[in-house]
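Chemist: The structure follows.
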Amino acid sequence: TTEVTSNFIRQKIDADTAAHKYQRDGLPSVITRFPPEPNGYLHIGHAKSICLNFGVAQSYGGRCHLRFDDTNPEKESVEYVNSIKDTLKWLGFDWVDAAGEEHLYYASDYFEQLYDFAEKIIEAGYAYIDSQDADTIRAQRGQLHEAGQNSPYRNRPVAESLDIFRRMKAGEFKEGEHVLRAKIDMASSFIAMRDPVIYRIRHVHHHRTGDAWCIYPMYDFTHCISDALEKITHSLCTLEFENNRPLYNWVLARLVEVGALTQPLPEQTEFARLNLTYAITSKRKLLQLVEERQVDGWDDPRMMTLVGVRRRGFTPESIRLFCERIGVSKADSWIDMSVLEQAVRDDLDEKAPRAVAVLKPLKLIIDNFPEGHAEPCKAPVHPHHPDMGERHFKLTKELWIEQDDFMAEPVKGFFRLFVGNKVRLRYGFVIECTGFDVDDQGNVIAVHANYFADSKSGTEGSNNYKVKGNIHWLSDASASPAEIRVYDRLFTDPHPDAGGKDFMQALNPDSKHVSQGYVENSIADAAPETHFQFERHGYFVTDRLDSKTGALVFNRIVGLKDTWKK
Ligand code: ATP
Ligand code: MG
Ligand code: MG
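Sequential numbering from 10 applies to the sequence shown in full-length UniProt numbering.
In structure tokens, the structure reads:
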């Protein structure tokens, strides 16, 4: 189970439990819900809400509902619904509870009931039809420090409002001709309470209800009622809804008054949303990156969508660990991207098999090595887990090394290969660099060296060689070609969209590098979405869509250490 630190939420639940507030026959005393709108793919911020809602329910022996908040038909689709369901399961959560009962809901399933409830509050004098346009209504609702202005329709007779409402439903009017407003308080210090619109006309097709409806309820009316109908106890949402809480309570209280609902009612508690540096967590802006082709789709490994982080190679365990570490508080703050990156290192360090990969190959020729000889070498699959077995590979006269491990003109402090220097070939021999070949353009195309036959790793003689550099290598006999995609952060600015900045200006022009390299043969059959630590390079995963035996593709998840600089 995932234990998310959330003291103020636990305190509230503990107090409610002590007061037997939600003691109801056959129902757990903690029922939460995760209520995404299916208008985009989930992002890393949603993971926080999922871990919190499902985590709290789990730790109190309750349950958590998945509810699609699908009341804006224009922007919603089945594609998004399916992706959200997949992602939730991938993260390790389920809307099927411990007793095998399914708790998957759609706000659109309540359209009939919401409509009946709306009629009930109209009849009780708590709502009226306003026939002004949206701009006028907005202007009349006013600003924070001045009272709003009553609509001329505020005292419209109940029978007239009811009649128009029914005709709105029957499709007699155009969009914008009428709206239904709750009749609350135009002088309230909460703007949300100044006679909010609760129903509007939309002649659009809905992905589930088709053309059955041409009026759709607004969030503030739908959400609290959906919570109540599902017998939610604790409705956890992000801080921007704090000002809507009085409205949430008002709607439910009126429905109790008219006999449509009964106590105990759900209660809303707010928590701080996740803001992650170097990332964007707004579905609208993520969509813009996709539509303007700044990324290769919603699941581009640089995107902080959950399909993106999955494709990048983040494990569900690492995302849950991240959510545990950041906790849940009442104050908005920024979490550094390095916290997420460290979570995946900490998850994979103990479980990812090790392997050698040469990302940018350069030929090494060991001139004094016997022609045709293949020296067997071995290494553990995991340095702390001998039970994971051993890897075997052959060292030959010609090898692939990393371009970066050689310098024709070594800079100060460089202690790997340059002419005259000695390094160890990991798990193999010590070699001394003797020269290099260049092509017509002056590019280094091969490095020459001699080896010391008595220096093999694991033998007595190896102790006589003290070298600073220890580089990895692969021989053709033991290597498979692979495409390697090295990703970096998508933005160079830690707060790419803060304060209304244009985040498109903050794109990192160097966030994706693709190279053709080699990986050791022991992983040539790796299934899609298998995680490895490539020695000296970092954590990698076989791409879940593109990688196949014979055409391997690896994505870099993160480097071994936090070395990211601007
Ligand atoms: P967006 O602004 O990207 O459209 P949203 O909040 O409108 O996001 P919903 O699909 O309505 O997206 O979100 C479902 C749930 O996830 C809500 O309860 C919301 O509060 C929560 N959530 C969304 N973004 C974050 C975030 N950055 N941190 C924590 N919770 C979040
Ligand atoms: Mg929302
Ligand atoms: Mg939104």
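All residues carry an ideal CB built from backbone N, CA and C; glycine is no exception. Computed from a predicted model, the values in this text were never measured in an experiment.
1) Secondary structure at Glu529, three-state DSSP: helix, strand or coil?
2) Would Cys73 and Arg329 qualify as a contact pair, given that the criterion is a beta-carbon distance under 7 Å?
3) In or out: Trp307 buried (at least 16 other Cβ within 10 Å) or exposed?
4) So, is Phe17 buried or exposed, given that buried needs 16 or more other C-beta atoms within 10 angstroms?
5) Look at Pro362 and Phe563 and say whether their C-beta atoms are less than 7 Å apart.
6) Does the beta-carbon of Gly526 have 16 or more other beta-carbons within 10 angstroms, so that it is buried, or is it exposed?
7) Inspect the beta-carbon positions of Phe439 and Ser464 and report whether they are closer than 7 Å.
8) If we ignore side chains and look at the alpha-carbon of each, how far apart do Glu111 and Ser68 end up?
9) What would DSSP say about His546, mapped onto helix, strand or coil?
10) Closest to Ala536 by C-alpha separation, out of Thr558, Ala515 and Phe549, would be which residue?
11) According to DSSP, is Glu251 helix, strand or coil?
12) Cα-Cα, which of Val453, His393, Ala27 and Leu569 is closest to Lys372?
13) How many angstroms separate the CA atom of Lys575 from the CA atom of Asp502?
14) With 16 as the cutoff for other CB atoms within 10 Å, does Leu153 come out buried or exposed?
15) Please report the distance separating the alpha-carbon of Pro419 from that of Asn530.
16) Please return the same chain residues whose Cβ sits closer than 7 Å to the Cβ of Pro325, not counting the five positions on each side in sequence.
17) Classify Phe563 as helix, strand or coil using the three-state DSSP reduction.
18) What does a CB cutoff of less than 6 Å around Ala388 pick up in its chain, not counting 5 residues either side in sequence?
19) Put Ser489 into one of helix, strand or coil per three-state DSSP.
20) Given 6 Å as the limit, tell me if His187 has its C-beta closer than that to any heavy atom belonging to ligand 1.
21) Consult DSSP for Ser160 and reduce its assignment to one of helix, strand or coil.
22) Please report the residue range of the beta strand (DSSP E) in which Trp343 lies.
23) Measure how close the beta-carbons of Phe120 and Trp222 come, nearest whole angstrom, since I'm counting them as under 8 Å.
24) If the criterion is Cβ atoms closer than 7 Å, does the pair Thr41 and Ala66 meet it?
25) Note the first and the last residue of the continuous alpha helix (DSSP H) segment covering Arg320.
26) I want to check one thing, is the minimum distance from the CB of Arg334 to the heavy atoms of ligand 1 below 6 Å?
27) Since His55 is in the alpha helix (DSSP H), which residue starts that stretch and which ends it?
28) On the CB-based measure, 16 or more other CB atoms within 10 Å of its CB, does Ser556 come out buried or exposed?
29) Can you give the Cα-Cα distance for Ala515 and Lys477, rounded to whole angstroms?
30) Any heavy atom of ligand 1 inside 6 Å of the beta-carbon of His55?
31) If you draw a straight line from the C-alpha of Trp409 to the C-alpha of Leu357, how long is it?
32) List the DSSP bridge partners of Lys557.
33) Count the CB pairs spanning the stretch 35-49 and the stretch 77-91 that are closer than 8 Å, and state whether there are at least three.
34) Would you list the one or two residues that DSSP bridges to His74?
Modeler: Quick answer:
1) strand
2) no
3) buried
4) exposed
5) Going by C-beta atoms, Pro362 is not nearer than 7 Å to Phe563.
6) buried
7) Per the sequence shown, residue 439 should be read as Val rather than Phe. In contact: Val439 and Ser464 (Cβ atoms closer than 7 Å).
8) Taking the straight line from one Cα to the other gives about 19 Å.
9) coil
10) Thr558
11) helix
12) Val453
13) Legend: pLDDT at Lys575 = 37, less than 50; position of this residue unreliable, no value from coordinates given.
14) exposed
15) 32 Å
16) Trp99, Leu100 and Gly101
17) strand
18) Arg400 and Tyr436
19) Note: Ser489 maps to strand in three-state DSSP.
20) no
21) coil
22) Ser342 to Ile344
23) 6 Å
24) yes
25) Counting along the chain, the alpha helix (DSSP H) containing Arg320 begins and ends at Leu315 to Arg321.
26) no
27) Ile53 to Ser68
28) Burial is judged here by how many other beta carbons sit within 10 angstroms of a residue's own beta carbon; Ser556 has at least 16 and is buried.
29) 39 Å
30) At a cut-off of 6 Å, the beta-carbon of His55 counts as near ligand 1: some heavy atom of the ligand is closer than that.
31) Going from the Cα of Trp409 to the Cα of Leu357 covers about 27 Å.
32) Ala560
33) yes
34) Arg42
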